[in-house]
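Encoded as structure tokens, the structure appears first; notes follow it.
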Amino acid sequence: MIVIVVVAAIAVVGTLAAIAFALLNPPSPNVGDAGKLEITFSSEEQRKIKEVTVTPQELEAATCDDGADCWIAVNGVVYDMSVFPDWARGRHHGIKAGTDATEKFVGSGHGRDILERMPVVGRLEQ
């Protein structure tokens with residue numbers, strides 16, 4: 001009988017903890033919002049996007065490994081992630097450097113303010 005009561009109490013506490021977590025940590029309104037890809041670039045960033053073309057092979061090689069560049073592409077624009085300590089090992093929240101991270105960025109909780117802080121390298125060759 002005591003075992004049943006203890007198991008029931010644990011189940012109730014677990015359920016209450018899950019409810020409290022959900023209420024205190026609501027999903028970010030940015031998750032799945034492709035509108036966050038629409039950002040305004042500075043004139044210098046616009047120049048880089050126009051003049052600097054990064055091939056898919058160059059992007060793929062920019063993995064942060066052994067002194068390599070540390071780049072990702074989002075919505076056709078290549079960004080330098082080496083300025084962010086979270087990218088020191090070549091990945092952040094499951095996104096690997098050297099890849100097109102557009103889908104994962106849209107699915108993340110990050111907003112357009114993050115894109116606006118990322119240094120532009122150029123545009124990804126299609």
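Residue 66 in the UniProt record's numbering sits at position 66 of the sequence shown; the count goes up by one each step and never skips.
Note that CB positions come from ideal geometry on N, CA and C, so glycine has one too.
Answer yes if the stretch 64-81 comes into contact with the stretch 89-103, meaning at least three C-beta pairs across the two stretches below 8 Å, and no otherwise. yes
Which one or two residues does DSSP pair with H92 in a beta bridge? I95
Looking only at its own chain, which residues have a Cβ that is under 8 Å from the Cβ of M81, when we skip the five neighbours before and after it? C64, C70, W71, I72, W87, H92, A97, M118
Out of F84, G107, V78, which has the shortest C-alpha to C-alpha gap to E45? V78
How is the beta strand (DSSP E) around V106 delimited, first residue to last? Careful: V106 lies outside any beta strand (DSSP E), inside the alpha helix (DSSP H) at 102-107.
Considering only residues of the same chain and omitting the five flanking positions on each side of I49, which have a CB-CB separation below 7 Å? F41, V77, V120, G122, R123
Three-state secondary structure assigned by DSSP to A68: coil
Return the chain-ordered list of same chain residues with a C-beta closer than 8 Å to the C-beta of A34, the five sequence neighbours on each side being excluded. V106
In the structure shown, what three-state DSSP assignment does D80 receive? strand
Nearest-angstrom Cα separation, counted from I95 out to P56: 16 Å
Give me, in chain order, the residues of the same chain whose beta-carbon lies closer than 8 Å to that of E38; leave out the 5 immediate sequence neighbours on both sides. R112
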